[in-house]
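Novice: Would you mind keeping the following structure in view while I ask a few things?
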Amino acid sequence: MKRTNSSKAVAELLTQIGRLSHSHGFTGGLNPAQWMALRYFGQANPSVCTVMRFADFYGSSRGTASQSISALVRKGYLVRRPSPEKKSSHILEVTDAGRVLLSQDPIKYLIRGIEGLPASKVADFAESLEILIRHLFKEGDGDDMAIEPSE
1 MKRTNSSKAV AELLTQIGRL SHSHGFTGGL NPAQWMALRY FGQANPSVCT VMRFADFYGS
61 SRGTASQSIS ALVRKGYLVR RPSPEKKSSH ILEVTDAGRV LLSQDPIKYL IRGIEGLPAS
121 KVADFAESLE ILIRHLFKEG DGDDMAIEPS E
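Spelled out as structure tokens, the structure:
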């Protein structure tokens, strides 16, 4: 593969990574959006395990987020529980079946690729990706504070 430093070429490479990663997301009876939701709830603190916080984190509408979450609830991978803080709200928890499925998460292919990078470059790579994500959230009027699900 030809090495290049142009912004356009790097953007194309990121797009290709996204497409390949997305195509791996149609496995385990889930689609990529459902995998993102299951992954989010599997690692997020209980205080942010709501439809609204998930939607904000991924920059999607609450309706779109609700569809993915409802599918995961129907399939038995998430369960809704009353919020201890707000009577009118629910928190979402990953079930045992959801945890088993998460152990087969297709993101593992991407993780293996990243683990193959030189250790000296991983921190800079991660920082660069975080900067890009914040930029894209700002461009789309999203909340750039919604980067880390465990906050």
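Just so we're aligned, residue 1 is where the sequence shown starts under full-length UniProt numbering, counting upward by one. The beta carbon of each residue, even a glycine, is placed where N, CA and C say it ideally should be.
1) Apart from the five residues on each side of it in sequence, which residues of its chain come closer than 7 Å, Cβ to Cβ, to M52?
2) Give me the residue from A126, A123, L110 and F125 with the minimum Cα distance to residue 168.
3) Between T50 and S89, which are expected to be in contact by the criterion C-beta below 8 Å, what is the C-beta distance as a whole number of angstroms?
4) Is it buried or exposed, M145, if we count other Cβ atoms within 10 angstroms and call 16 or more buried?
5) Can you tell me whether L136 is buried or exposed, with buried defined as 16 or more other CB within 10 angstroms of its CB?
6) Between T95, K86, L14 and R81, which has its C-alpha nearest L72's C-alpha?
7) Between the beta-carbon of Y40 and the beta-carbon of F54, is there less than 7 Å?
8) How big is the Cα-Cα spacing for E151 and A44?
9) So, for G76: in the same chain, excluding its five sequence neighbours on each side, which residues have a beta-carbon less than 8 Å away from its beta-carbon?
10) How about the region 101-108 and the region 31-39: do they share at least three Cβ pairs that are nearer than 8 Å?
11) On a CA-only basis, which of S47, A11 and I91 is nearest R81? Give me that one, please.
12) Assign L30 to one of two classes, buried (16 or more other C-beta atoms within 10 Å of its C-beta) or exposed (fewer than that).
13) Return the chain-ordered list of same chain residues with a C-beta closer than 6 Å to the C-beta of A65, the five sequence neighbours on each side being excluded.
Specialist: According to the data block:
1) Same-chain partners within the cutoff: R62.
2) Any answer about residue 168 is impossible in this case: the structure gives the chain only from 1 up to 151.
3) 6 Å
4) No answer about M145 holds up, because its pLDDT of 47 lies below 50 and its placement is not dependable.
5) exposed
6) With distances taken between CA atoms, L72 lies nearest to T95 out of T95, K86, L14 and R81.
7) yes
8) Note that E151 has pLDDT 35, beneath the 50 cutoff, so the model's placement of it is unreliable and no number is given.
9) T95, A97 and G98
10) yes
11) I91
12) buried
13) V51, F54 and A55
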